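Going line by line, the protein sequences match chains A and B.
The number in our numbering is simply the position in the first sequence, starting from 1, with 6 added.
The number in our numbering is simply the position in the second sequence, starting from 1, with 143 added.
We treat Cβ as the ideally placed atom computed from N, Cα and C, and that holds for glycine.
Only a predicted model underlies this, so the values are computations on that prediction, with no experimental measurement involved.
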Amino acid sequence: KQEVTQIPAALSVPEGENLVLNCSFTDSAIYNLQWFRQDPGKGLTSLLLIQSSQREQTSGRLNASLDKSSGRSTLYIAASQPGDSATYLCAVLAGTALIFGKGTTLSVSS
Amino acid sequence: NAGVTQTPKFQVLKTGQSMTLQCAQDMNHEYMSWYRQDPGMGLRLIHYSVGAGITDQGEVPNGYNVSRSTTEDFPLRLLSAAPSQTSVYFCASSTTMNTEAFFGQGTRLTVV
């Protein structure tokens, strides 16, 4: 059964720091991996989608990588800002469902 | 762009009551799905649909029904609410199963 793990569960950094969020999955047979952002009491906002044939995707200050063979993905956030404070979720598409990790809650202090 | 719209945003039900959570999307997406989000459990798939007239069960389907009569709408029905169904429910849609998923703002349901 596919399992997705995100470490750390929580992270606090000062503004301006570059940071990396980690996501690991147990079965490399995935179709894609997607990173989401969730603000308290809100829905999920899609950040980046990496298809299984791709190695990375970039959007602005965000860069996500995928290494299927090792079952790992990282989300790199450059020059963090207080507005980046949120919970970040990664999810892999395996079969017919997105399998989610439990998220990393990021707090960026000014 | 409205995207994925869920109604209501909040609902309190008594045990045994039934209700329908509404989900509509205006992006002409074929694939739609329902998830529930519980503390410590993450998001889990309840039901999904790959197109109008086609639905299937996800990981936690018991106590829920769905139908997909149009491309735009994918309602989730709670047949007889139980306290264990207290959760936040999210609807999602994508062009196909393997493309970027877009989520609604969620419905926070409490069953007392």
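Here R61(A) is not near L50(A), since their CB atoms are 9 Å or more apart. Secondary structure note for M175(B): its beta strand (DSSP E) is the uninterrupted segment Y174 to D181. Residue environment analysis places S223(B) among the exposed positions, since fewer than 16 neighbouring C-beta atoms fall within 10 angstroms of its C-beta.
At least one CB of chain A lies nearer than 9 Å to the CB of S176(B).
Nearest in C-alpha terms to Y178(B), of all of M170(B), S212(B), S192(B) and N171(B), is S192(B). The Cβ-Cβ distance between K7(A) and G185(B) does not fall below 9 Å.
Per DSSP, M162(B) is one residue of the beta strand (DSSP E) stretching across M162 to Q168.
Counting C-beta pairs closer than 8 Å gives three or more between the stretch 77–96 of chain A and the stretch 28–47 of chain A, which meets the contact rule. Secondary structure of P88(A) (DSSP, three-state): helix. For K152(B), the number of other beta carbons within 10 angstroms of its own is below 16, and it is reported as exposed.
Using a CB distance cut-off of 9 Å, G109(A) counts as an interface residue toward chain B. Sequence-distant Cβ neighbours of S52(A) in its own chain, meaning closer than 7 Å and more than five residues away, are Q40 and F42. Residue pairing by DSSP puts G194(B) in a beta bridge opposite I197(B).
Interface annotation, N24(A): not in contact with chain B, CB-CB separation never under 9 Å. The residue from R251(B), M170(B) and G196(B) with its alpha-carbon nearest to that of T213(B) is G196(B). Residue contact with chain A for R187(B): present (Cβ-Cβ distance below 9 Å to some residue of chain A). Residue state for S58(A) is assigned as coil, using DSSP reduced to three classes. Residues of chain B with a Cβ closer than 7 Å to the Cβ of K48(A) are, in chain order, Q248. Listed in chain order, the non-local C-beta contacts of Q228(B) below 7 Å within the same chain comprise G206, L221, L252 and V254, local neighbours out to five positions each way being set aside.
In the DSSP assignment, R220(B) falls within the unbroken beta strand (DSSP E) covering L219 to L221. Chain A places a beta carbon closer than 9 Å to that of D199(B), counting this residue as a contact.
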